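Visitor: Residue numbers for the sequence shown follow this note's numbering, so the first one is 3 and each next one is one higher.
Would you mind keeping the following structure in view while I ask a few things?
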Amino acid sequence: IDPRDMLISREHARVFQQGQQLWLEDLDSTNGTFHNGRRIFGRVLLRDGDDLKLGNAVVRVQM
Numbered sequence: 003i004d005p006r007d008m009l010i011s012r013e014h015a016r017v018f019q020q021g022q023q024l025w026l027e028d029l030d031s032t033n034g035t036f037h038n039g040r041r042i043f044g045r046v047l048l049r050d051g052d053d054l055k056l057g058n059a060v061v062r063v064q065m
């Protein structure tokens, strides 16, 4: 993820672990956080192979 990407907010999103699960949470970003092509509001459970998009960056989850 390029920190110079103008589509990424200073505090855009976070990935965190709760128990044995990983979650993605949008932090009220201006341009949105996308999970498997859909904009999220709040948090979603992550699974192996999911695609995340923040600004111009696409990241694939591998567990």
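Beta carbons: idealized from backbone N, C-alpha and C, even for Gly.
Remember, predicted model here, so these are calculated numbers, not experimental data.
#1: On the DSSP letters alone, give me the boundaries of the beta strand (DSSP E) that residue 26 sits inside.
#2: So is residue 30 buried or exposed if we call it buried at 16+ other beta carbons inside 10 Å?
#3: Which residue or residues does DSSP assign as beta-bridge partners of residue 35?
#4: Have a look at residue 49 and residue 9 and give me their C-alpha separation to the nearest angstrom.
#5: Let me know the secondary structure DSSP gives residue 43 once reduced to three states.
Guide: Put simply:
#1: Going by DSSP, residue 26 is part of the beta strand (DSSP E) stretching over 23-28.
#2: Around the beta carbon of residue 30, fewer than 16 other beta carbons lie within 10 angstroms, which makes this residue exposed.
#3: Assignment of beta-bridge partners to residue 35 by DSSP yields 56.
#4: Straight-line Cα distance between these residues: approximately 25 Å.
#5: The three-state reading of DSSP puts residue 43 in coil, since its state is none of H, G, I, E or B.
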